[in-house]
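Notes to accompany the following structure.
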Amino acid sequence: MTLCTREREFVLSDSLGQLEEKFAYDVLRIHRNCLANRHHLFGFGAQLVEGESRWFAVLHEWPEQLLVSAR
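Add 14 to a position in the sequence shown, counting from 1, and you land on the number used in this note's numbering.
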């Protein structure tokens, strides 16, 4: 698993589930393969992608939007 920060990336041996449990008050699972830091979450937005509405999470000072799971 890879942890991404603004400065660098770290390879971790913990699973997303373990990190989600350990940092339950700090992270939000937005997709089956992605946790987002709640303290950096700016908001959510929707865009049309291939004719379908998709939701994205927007983080403070993060260059890309993160796809949110449909569930």
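Just so it is clear, CB atoms sit at the ideal spot from N, CA and C, and this is done for glycine as well.
A quick note: this is a predicted structure, and the numbers were derived from the prediction, not measured.
Exercise. Return the bridge partner residues of His54 from the DSSP annotation.
Key: Answer is none; His54 lacks a bridge partner.
Self-check item: When Ser67, Pro77 and Thr16 are compared against Phe24, the one with the closest alpha-carbon
Solution: Thr16
Quiz item: Are the Cβ atoms of Leu62 and Leu49 separated by less than 8 Å?
Solution: no
Self-check item: First through last residue of the beta strand (DSSP E) which encompasses Glu66
Solution: Glu66 to Leu73
Self-check item: Neighbourhood of Glu34 by C-beta distance below 7 Å, restricted to the same chain and skipping five residues each side
Solution: Val41, Arg43 and Leu49
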